[in-house]
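Novice: Quick one: structure below, then a few questions.
Residue numbers (the working numbering): 2 to 137.
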């Protein structure tokens, strides 16, 4: 992947997050499980795109869990740990849903999952711009 493909990945993720955000802002309550899974997949896509673009680490398997992809990303670059808890929060939401413990989630968990994904998106994008991988 070259920066053009990285830019395409960011555009696609941004468009999907924007669609989710607009739906929520418009009063739509998206299905929680699907929204959390989509947020996780979008962030995982950004991480994988960054790893491939950097070309210094082996690309993660497409079926790898977000936390496994994050481990590849952070290895040798501890500054990525700034967003570790955001990734773990999304996994926590998924685990609560899978265990039937939606009561353990915060209020408006779908909205929070999308906001968390947007936060990670902005962190990764800002980093890519600083590193010269993306033009703003």
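Backbone N, C-alpha and C fix where the C-beta goes; we use that ideal spot for every residue, glycine too.
Cβ atoms of residue 114 and residue 40: under 8 Å apart, would you say?
Specialist: For the purposes of this step, residue 40 is taken as residue 39 along the chain shown, with counting starting at 1. For the purposes of this step, residue 114 is taken as residue 113 along the chain shown, with counting starting at 1. The answer is yes: Cβ separation under 8 Å.
Novice: Assign residue 95 to one of three DSSP states: helix, strand, or coil.
Specialist: By one-based count along the chain shown, residue 95 stands at place 94. Helix, per DSSP.
Novice: Can you round the beta-carbon distance between residue 51 and residue 7 to whole angstroms, since I take them to be within the 8 Å contact cut?
Specialist: Here residue 51 is taken as the residue at index 50 of the chain shown, counted from 1. Here residue 7 is taken as the residue at index 6 of the chain shown, counted from 1. The Cβ separation is near 7 Å, so the contact holds.
Novice: Can you grab the Cα-Cα spacing for the pair residue 66 / residue 5, in whole Å?
Specialist: The residue given as residue 66 occupies position 65 in the chain shown. The residue given as residue 5 occupies position 4 in the chain shown. Answer to the nearest angstrom: the Cα atoms are 25 Å apart.
Novice: Going by beta carbon distance, what residues of the same chain come within less than 7 Å of residue 84, once the five residues before and after it are set aside?
Specialist: For the purposes of this step, residue 84 is taken as residue 83 along the chain shown, with counting starting at 1. Contacts found: 121, 124.
Novice: Does the distance from the CB of residue 91 to the CB of residue 37 come in under 8 Å?
Specialist: Taking the chain shown and counting its residues from 1, the one referred to as residue 91 is at position 90. Taking the chain shown and counting its residues from 1, the one referred to as residue 37 is at position 36. Result yes, Cβ atoms of residue 91 and residue 37 sit closer than 8 Å.
Novice: Rounded to a whole number of angstroms, what is the C-alpha to C-alpha distance between residue 26 and residue 12?
Specialist: Position 25 of the chain shown holds residue 26. Position 11 of the chain shown holds residue 12. Taking the straight line joining both Cα atoms gives about 21 Å.
Novice: Please state the DSSP three-state secondary structure of residue 45.
Specialist: By one-based count along the chain shown, residue 45 stands at place 44. Looking at residue 45 - three-state DSSP - the assignment turns out to be helix.
Novice: Of all the options 79, 74, 29, 131, which has the alpha carbon lying nearest to the alpha carbon of residue 49?
Specialist: Taking the first residue of the chain shown as position 1, residue 49 is located at position 48. Nearest C-alpha to residue 49: 74.
Novice: Within 10 Å of its beta-carbon, does residue 18 have 16 or more other beta-carbons around it, so buried, or fewer, so exposed?
Specialist: Numbered from 1 along the chain shown, position 17 holds the residue referred to as residue 18. So residue 18 ends up on the buried side.
Novice: Could you tell me whether the Cβ atoms of residue 88 and residue 44 are closer together than 8 Å?
Specialist: Residue mapping note: residue 88 aligns to position 87 of the chain shown, counting from 1. Residue mapping note: residue 44 aligns to position 43 of the chain shown, counting from 1. In this structure, residue 44 lies closer than 8 Å to residue 88 by Cβ.
Novice: Applying the criterion that 16 or more other CB atoms from any shown protein chain within 10 Å of the CB defines a buried residue, is residue 109 buried or exposed?
Specialist: As a first step, residue 109 is located in the chain shown; it is residue number 108 there, counting from the start. Exposed.
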